[in-house]
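So the sequences go chain by chain: A and B. Going left to right, the first sequence walks through residues 289 to 555 as our numbering numbers them. Going left to right, the second sequence walks through residues 90 to 360 as our numbering numbers them. We treat Cβ as the ideally placed atom computed from N, Cα and C, and that holds for glycine. Structure, as structure tokens:
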Amino acid sequence: MIEIFSLEFMRNAFMAGIMLSPVLAVVSFFVVLRRLSFVGVGVAHSAFGGIALGFLLGISPTLTAIVFAIAVSNAIGYIGRHGKLSADTAIGIFFAFAMALGVVFIGMSDQYNVDLFGYLFGNILAITSNDLIIIALLGGFVLISIFLLFKELLFVSFDKEVALVSGMPVAFLDHFFLTILAMSVVISMKIIGIILVSALLVIPGAAASQITDRYIPMIAIAIAVALISTVGGLLFSYYADLASGATIVILSSIIFFILFIAGRFRR
Amino acid sequence: MKEHGADIGNKKAVYAELQDVWVGYYNKWVLKSIYLKCYQGEIFGIVGPNGGGKSTLLKVILGLVRPQKGVVKLFGHRPDKHTRLEVGYLPQISKADRSFPVTALDVVLMGLYNRIGFFKRPGSKSREIAMEMLARINMAEHAEKPFGLLSGGQQQRVHIARALASKPKLLVLDEPSTGVDSVAQEDFYELLAKFRDEMNISVIMVSHDIGVITAHADRIACLNLEIHYHGEPDSCFEPEIMQKVYGKNLNIMVHDSRCATCSLKKHEHND
Ligand SMILES: Nc1ncnc2c1ncn2[C@@H]1O[C@H](COP(=O)(O)OP(=O)(O)OP(=O)(O)O)[C@@H](O)[C@H]1O
Ligand SMILES: [Mg+2]
Numbered sequence: 289m290i291e292i293f294s295l296e297f298m299r300n301a302f303m304a305g306i307m308l309s310p311v312l313a314v315v316s317f318f319v320v321l322r323r324l325s326f327v328g329v330g331v332a333h334s335a336f337g338g339i340a341l342g343f344l345l346g347i348s349p350t351l352t353a354i355v356f357a358i359a360v361s362n363a364i365g366y367i368g369r370h371g372k373l374s375a376d377t378a379i380g381i382f383f384a385f386a387m388a389l390g391v392v393f394i395g396m397s398d399q400y401n402v403d404l405f406g407y408l409f410g411n412i413l414a415i416t417s418n419d420l421i422i423i424a425l426l427g428g429f430v431l432i433s434i435f436l437l438f439k440e441l442l443f444v445s446f447d448k449e450v451a452l453v454s455g456m457p458v459a460f461l462d463h464f465f466l467t468i469l470a471m472s473v474v475i476s477m478k479i480i481g482i483i484l485v486s487a488l489l490v491i492p493g494a495a496a497s498q499i500t501d502r503y504i505p506m507i508a509i510a511i512a513v514a515l516i517s518t519v520g521g522l523l524f525s526y527y528a529d530l531a532s533g534a535t536i537v538i539l540s541s542i543i544f545f546i547l548f549i550a551g552r553f554r555r
Numbered sequence: 090m091k092e093h094g095a096d097i098g099n100k101k102a103v104y105a106e107l108q109d110v111w112v113g114y115y116n117k118w119v120l121k122s123i124y125l126k127c128y129q130g131e132i133f134g135i136v137g138p139n140g141g142g143k144s145t146l147l148k149v150i151l152g153l154v155r156p157q158k159g160v161v162k163l164f165g166h167r168p169d170k171h172t173r174l175e176v177g178y179l180p181q182i183s184k185a186d187r188s189f190p191v192t193a194l195d196v197v198l199m200g201l202y203n204r205i206g207f208f209k210r211p212g213s214k215s216r217e218i219a220m221e222m223l224a225r226i227n228m229a230e231h232a233e234k235p236f237g238l239l240s241g242g243q244q245q246r247v248h249i250a251r252a253l254a255s256k257p258k259l260l261v262l263d264e265p266s267t268g269v270d271s272v273a274q275e276d277f278y279e280l281l282a283k284f285r286d287e288m289n290i291s292v293i294m295v296s297h298d299i300g301v302i303t304a305h306a307d308r309i310a311c312l313n314l315e316i317h318y319h320g321e322p323d324s325c326f327e328p329e330i331m332q333k334v335y336g337k338n339l340n341i342m343v344h345d346s347r348c349a350t351c352s353l354k355k356h357e358h359n360d
């Protein structure tokens with residue numbers, strides 16, 4: 289048990305997991321309330337285009353991925369509000385567009401980059417102390433801003449039209465939430481991977497909602513679910529030699545099913 | 090042209106006003122040349138058949154729907170996020186999710202968020218106001234219950250309390266009595282009248298139930314695409330007007346003593 293912490297990459301992975309858990313949990317709380325799960329999937333996949341562009345230009349893929357993800361999530365939100373398309377149609381389009389751009393960028397860089405795989409499926413070996421700083425900064429920003437705007441975000445999630453009439457800056461809050469959703473996706477992708485990160489934007493909140501009707505306990509339970517999943521998943525994947533991202537997601541899904549069944553018995 | 094019916098005198102402020110307002114969706118007019126004035130201190134009722142444009146009219150007043158043509162004034166200004174602060178709104182169908190993890194009290198508190206301001210939490214003062222509102226609609230005992238576990242009518246009452254909580258100058262209510270039992274309805278309309286008398290607020294309320302509107306509104310408008318009558322409740326029930334509003338094949342449905350001759354049921358758009 290001790291040896292695992294003597295490895296620097298494992299220490300970094302645990303640090304990252306522990307910092308990401310509350311961020312993903314709180315964001316998932318709103319994703320579930322606002323039924324944005326599919327937006328999470330779309331934004332995560334669109335980050336792939338950004339990563340590929342980073343590799344092509346030889347600059348930090350995290351930076352380009354953040355720009356891509358924020359642009360795509362806000363475009364989805366904009367079209368959802370102004371266009372005649374439903375949000376999920378917009379997601380379907382951008383999702384494909386950004387992925388296709390990614391494939392083209394990879395082709396242009398004519399060196400098939402192994403690191404890309406790490407971004408798709410998560411690679412805990414790759415987490416550097418720089419990444420930890422980015423997670424701490426952006427994750428901290430996400431948490432603090434949600435804390436400060438909590439009641440407004442709650443109202444808008446409850447009833448957008450009424451919130452608008454009550455003077456809530458609905459459009460700002462929508463785009464703001466999509467932006468922090470995109471940030472959360474990007475800072476989680478090295479550890480969990482683009483393909484699976486959206487699971488953690490849904491499962492903690494969904495699991496918590498099975499066993500409570502109040503938002504404060506719901507958030508607390510979501511954080512616990514995320515922490516148990518990431519820490520437990522990392523430990524298990526290390527000893528069983530499994531992919532860390534997938535192990536984390538499987539563990540969180542198992543917790544969801546347990547709470548789902550517990551929720552059935554509660555009523 | 091459309092301003093027949095009694096005006097309430099010129100001294101009172103006009104809270105909401107529409108002048109020659111036209112609204113259409115996809116090449117079809119939903120509201121045609123609407124003129125309307127709602128004064129301070131009156132309960133203004135809007136009746137009309139399903140699809141007559143009542144909800145759309147309210148959204149125009151609130152600035153949620155932009156008319157293709159015409160002038161809309163709320164407290165003398167264009168409706169925007171500042172003027173709306175003085176309005177309490179109850180939509181016809183709340184999009185609120187039944188399983189949303191809040192209590193009845195939390196929902197009423199939402200009505201006060203704009204008074205509390207950014208970055209702050211509702212304090213004990215706000216909770217007091219919200220509890221008082223819940224008590225006025227006989228929901229105090231359910232304050233701590235999860236919203237999703239309340240019945241549809243109880244949820245509607247909580248929404249009403251939310252709309253009233255910030256003590257707005259104007260209440261805009263779309264079918265407020267949906268799902269609310271008749272005892273609670275009477276209490277609710279009494280409460281509206283009390284708010285009107287005590288605080289001189291205005292209420293614009295929509296219903297397809299003529300009986301309810303005539304019993305409780307000071308003035309009414311009958312709306313089906315156009316406004317066919319705009320004035321005091323009693324004279325709305327001339328058969329000629331009823332036929333214009335509700336269409337040709339009227340089935341007799343007695344609403345109250347005053348509208349024995351009126352009727353509503355099937356209707357077509359007379360366009
Ligand atoms: N967002 C929209 N897009 C397209 N058409 C709409 C929209 N909202 C309303 N309509 C149309 O406008 C007309 C009036 O609708 P509105 O909801 O205002 O009627 P209403 O009088 O409130 O009816 P009800 O008694 O059923 O509530 C209807 O024909 C409806 O189909
Ligand atoms: Mg309506």
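Between glutamate 440 of chain A and leucine 469 of chain A the beta-carbon gap is near 16 Å, outside 8 Å, which marks them as no contact. For glutamate 296 of chain A, there are no C-beta contacts with chain B under 9 Å, since the nearest C-beta of that chain is about 39 Å from it. Tyrosine 202 of chain B belongs to the set of residues whose beta carbon lies under 8 Å from a beta carbon in chain A.
Boundaries of the beta strand (DSSP E) harbouring arginine 308 of chain B: 308-313, taken from the DSSP string.
Nearest CB-CB separation between serine 183 of chain B and chain A: below the 8 Å threshold.
Of all residues in the region 483-517 of chain A, those with a C-beta nearer than 8 Å to a C-beta of chain B are Ser497, Thr500, Asp501, Arg502, Tyr503, Met506, reading in chain order. Residue contact with chain A for threonine 267 of chain B: absent (no Cβ-Cβ distance below 8 Å to any residue of chain A). DSSP places glycine 113 of chain B in the strand class (E or B) of the three-state scheme.
Contact holds between the region 141-154 of chain B and the region 110-123 of chain B, because three or more Cβ pairs, one in each stretch, are under 8 Å apart. Rounded to the nearest angstrom, the gap between the Cα atoms of tyrosine 527 of chain A and phenylalanine 548 of chain A is 28 Å.
For the pair methionine 387 of chain A and serine 397 of chain A, the Cα-to-Cα distance works out to about 15 Å.
For phenylalanine 164 of chain B, no beta strand (DSSP E) encloses it, and the DSSP letter there is neither H nor E. Taking 7 Å as the cut-off, the C-beta of glutamine 245 of chain B does not count as close to any heavy atom of ligand 2.
Against chain B, the CB of glutamate 291 of chain A has no partner CB under 8 Å away; the residue lies outside that interface. Note that the C-beta distance between valine 444 of chain A and valine 176 of chain B is not below 8 Å. Checking the DSSP bridge columns, you'll see glutamine 108 of chain B partnered with B:Val160. With contacts defined by Cβ atoms closer than 8 Å, alanine 313 of chain A and isoleucine 536 of chain A do not form a contacting pair. Cβ neighbours of isoleucine 434 of chain A within its own chain (closer than 6 Å, five residues either side excluded): Val314. The beta carbon of leucine 436 of chain A sits closer than 8 Å to some beta carbon of chain B. Between glycine 130 of chain B and asparagine 289 of chain B, the C-beta gap is smaller than 8 Å, which places the two residues in contact. Interface annotation for the region 263-289 of chain B against chain A: empty, criterion Cβ-Cβ distance under 9 Å. For methionine 220 of chain B, not one C-beta of chain A is nearer than 8 Å to its own C-beta.
Chain order gives no chain A residues near arginine 216 of chain B, where near means a beta carbon separation below 9 Å; the closest approach is about 13 Å.
Excluding sequence positions up to five before and after tyrosine 104 of chain B, its CB lies within less than 8 Å of the CB of Cys127, Tyr128, Gln129, Leu163, Phe164, Lys258, Leu259, Ser291, all in the same chain and listed in chain order.
Glycine 406 of chain A is a Cβ neighbour of alanine 414 of chain A, given a cutoff of 8 Å. Residues are counted here when their Cβ sits less than 8 Å from a Cβ of chain B; for the region 448-462 of chain A these are Lys448, Glu449, Val450, Ala451, Leu452, Val453, Ser454, Gly455, Met456, Pro457, given in chain order. Assignment of beta-bridge partners to threonine 377 of chain A by DSSP yields no partner.
Classified as exposed, histidine 171 of chain B has fewer than 16 neighbouring CB atoms from the shown chains inside 10 Å of its CB. For the pair lysine 234 of chain B and glycine 338 of chain A, the Cα-to-Cα distance works out to about 46 Å. Between ligand 1 and the CB of valine 261 of chain B, the shortest heavy atom gap is not smaller than 7 Å. For lysine 234 of chain B, the secondary structure class from DSSP, reduced to helix, strand or coil, is coil. The beta-carbon separation of serine 525 of chain A and isoleucine 491 of chain A, rounded to 17 Å, does not stay under the 8 Å limit for a contact.
Among the residues of chain B, those whose CB is under 7 Å from the CB of phenylalanine 443 of chain A are Met199, Tyr202, following chain order.
Residue-level contact check: glycine 241 of chain B does not touch chain A, since none of the beta carbons of chain A fall below 8 Å from its beta carbon.
Taking the beta carbon of leucine 321 of chain A as reference, the chain B residues within 8 Å of it are Asp186, Phe189, Pro190, listed in sequence order. Shown here, serine 316 of chain A sits in a helix according to DSSP, grouped into three states.
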